[in-house]
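Position 205 of the sequence shown, counting from 1, maps to 204 under numbering that gives the first Met the number 0, and the rest follow consecutively.
Note that beta-carbon positions come from the ideal geometry of N, C-alpha and C, so glycine has one too.
Presented below is the structure to which this report refers.
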Amino acid sequence: MTSGIVTTDISDGVVTATIRRPAKHNAIDLAVADGLCQAVRTFGADPAMRVMAIRSEGPYFSAGADLHSPLFPDPGLPGAAAFRRWYREGRGSLHPLFDAIEAVEKPVVVVHQGPCLGGGLELSLACDFRIAGRSALYGLPEIALGGLPGSGGISRLTRIVGPHWARWLVIANMQMTAEQALAAGLVHEVHDDDLLDGAATRFCRHLAALPPEAVAAGKLTIELATDLDRAQGRNVERLAVGSLVMGPEYREHVASIRARLSSRNAEDGLNRMTRSPGHDAS
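What follows is the structure, given as structure tokens:
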């Protein structure tokens, strides 16, 4: 399946969306944003698709948002007028894409190689899991242009790594290597670049094999608990667990485990009988 410069393929319940704009360091323009939005919508609607992986072609994951794209206000217009036109045309935000990634009730994994900057990092922060090659490099350079990450980057980054490292990336305009990002909690795993594809594929297949209703409930519960106080978070957790244990997915898994345990106990009992002194097994 293809949408402009974003291509998708499906294997073993995993849909992989690949940004293919290597000549522009995979900078995110409207075509990339629209292609990813379409891929996320299709992913969310198809129950056969269990996990989405977002990748990119070439040595860069993404240099960020394309400065020549309508994602940015027209510099030829006065500031306020430019912003109103930009906002009115609905072309000035990556929020719909990033919000859609967060809202889909299935896991989204992003796989990084090389620089992951600006809007590319903001895209990654909206995903559930981040897996990096050792060549990955992270940064939010917007402050050097007199701006700030404007598509949820600051809020998501602060939730993930805390204000300490958020200041490092956003205000100090410093970058992080893959190893530093792992230590800060920005990414979940780091692999040698030549092993990255295999590691990411295995992880996505692992996720795809998990019970989908429980995965969906877990994603939603964690998201809600992050925004609630302790008592409210526990109430949401209880509601989620209660709905799952009353459902067929949970009951089928428990019944399967009980059947295996019963079979094992019966076999153990027979083995004990055959091993007991004086027992004639003939």
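Sequence-distant residues of the same chain with beta carbon closer than 8 Å to residue i, five excluded per side
i    : result
K23  : A62, D65
I4   : I18, R19, R20, A30, V31, G34
K218 : E104, K105, P106, D127
I153 : L147, A165, V169
Beta-bridge pairing of residue i - partner residues as DSSP gives them
i    : result
M175 : Y137
F128 : V108
Where residue i sits in the DSSP three-state scheme
i    : result
L116 : strand
H94  : helix
G151 : coil
V253 : helix
S262 : helix
L66  : coil
Beta-carbon proximity list for residue i, same chain, < 6 Å, skipping 5 on both sides
i    : result
T157 : A165
I9   : none
T7   : M0, V14, A16, A38
G138 : L116, Q174
G184 : V160
L206 : V50, P106
R155 : L124
Same chain only: Cβ atoms within 7 Å of residue i, ignoring 5 sequence neighbours per side
i    : result
P140 : L116, G117, N172
P210 : E248, H252
F97  : E121, L122, A125, S150, G151
P95  : C36
A215 : E104, K105
G246 : E212
8 Å contact criterion, which residue i and residue j should meet: CB distance rounded
i    : j    : result
I170 : L124 : Incorrect: roughly 17 Å between the Cβ atoms, too far for contact.
D192 : G119 : With a Cβ gap of about 17 Å, D192 and G119 do not count as contacting.
F60  : G113 : 6 Å
V186 : R129 : 4 Å
E222 : E101 : 7 Å
V110 : A180 : About 14 Å separates the two Cβ atoms, so there is no contact after all.
Closer than 8 Å to chain C by CB, residue i
i   : result
D11 : The structure shown contains no chain C, having only a single protein chain.
query = In chain order, which beta strand (DSSP E) runs of at least 3 residues are fully inside the segment 7-63?
reply = As for any beta strand (DSSP E) of minimum length 3 sitting wholly inside the segment 7-63, the runs are 13-18, 50-55, ordered along the chain.
message = As an exercise, report each continuous beta strand (DSSP E) stretch of at least 3 residues that is fully enclosed by the segment 160-216, in chain order.
response = You should have 188-190.
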